[in-house]
Amino acid sequence: MRKNHQPWWLKAITNRLQHYYIEKIIRPQFDHLGHSALIHKPRNLKLSGQHIIAGNYLHIICNPQQPVNFTCWQSKQHQGQITLGNYCLISPGVCLASAEQINIGDNCMLAAEVYISDCDWHGIYNRIRPFRCSAPVTLHNNVWVGLRAIIGKGLTIGENSVVGAGAVVVEDVPANVVVAGNPAKIVKHLEPQKRMLKREFLFVSEQQDYWQSQIALEKAFSGDNSFWNWIKTLIAPGKND
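Convert by adding 455 to the 1-based position in the sequence shown; the result is the number in the numbering used here.
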């Protein structure tokens, strides 16, 4: 269907249940989760292991076909850790797998199906003992990683830089550049002196609270939806649905 015909009162109930699930089921699974987190389809967020930390205004988008996975592995020598800063956006299908440490700074955006790992998980010559080939990964503030990009162990992505869709990053990326390709190479230099609007602007501006403004907008678009028309579109949608 091209439209969401669900009536607003039913959406409001769904939103409250989602908020309850985040606070009672999801939040305890983090070692720390800051305030104002929003997780779409939170049942499809999979957290495994300890030392998973996130800042304020974390926004995660999940769906049943593309769950989001944060995994920290533990061994005798290693304990994985995942840290996300404030105002981060995590898109469907993102996978973060840590045997040592993955640090993601403020205002970072990870597009759908991005994969970041700080470990090769098996050595080239000794393939029966995992975790012996790990090194921390760091994404500095305001990094944007494109669709299905892969970032391997021991790498640093500099502030404001962009990793293009489908890129495979095998070397450190400096600040204020765009990289693309396999292996990823610099294809553009950004101008650091130009004003850059970061995700935090959505939340720290003098405008109405971002989440509340989104609810008001959704309510305005759903105001004329009726329960029975919604049921009808589920059973027998028409051309205008």
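Glycine included, C-beta positions come from ideal geometry on N, C-alpha and C.
From the DSSP output, which residues share a beta bridge with residue i?
| i | result |
| --- | --- |
| Cys574 | Ser589 |
| Ala635 | Lys640 |
| Gln521 | Asn518 |
Within 10 angstroms of its Cβ, does residue i collect 16 or more other Cβ (buried), or is it exposed?
| i | result |
| --- | --- |
| Val659 | exposed |
| Lys608 | buried |
| Met651 | exposed |
| Thr611 | buried |
| Val642 | exposed |
| Trp464 | exposed |
| His487 | exposed |
| Ser546 | buried |
| Asp697 | Since the first residue shown for the chain is 456 and the last is 696, residue 697 is missing from the structure and cannot be characterised. |
Determine the contact status of residue i and residue j, defining contact as a CB-CB distance below 8 Å.
| i | j | result |
| --- | --- | --- |
| Ser503 | Thr538 | no |
| Ala620 | Leu594 | no |
| Val618 | Ala604 | yes |
| Tyr511 | His490 | Residue 511 is actually Asn in this sequence, not Tyr. In contact: Asn511 and His490 (Cβ atoms closer than 8 Å). |
Can you tell me whether residue i is helix, strand or coil according to DSSP?
| i | result |
| --- | --- |
| Ile605 | strand |
| Ile583 | coil |
| Val659 | helix |
| Leu502 | strand |
| Trp683 | helix |
| Leu465 | helix |
| Gln648 | coil |
| Gln534 | strand |
- request: Evaluate contact between the stretch 475-484 and the stretch 527-536, counting only Cβ atoms and requiring at least three cross-stretch pairs below 8 Å.
  value: no
query: How do the stretch 565-581 and the stretch 687-696 stand: do at least 3 beta-carbon pairs fall below 8 Å, yes or no?
result: no
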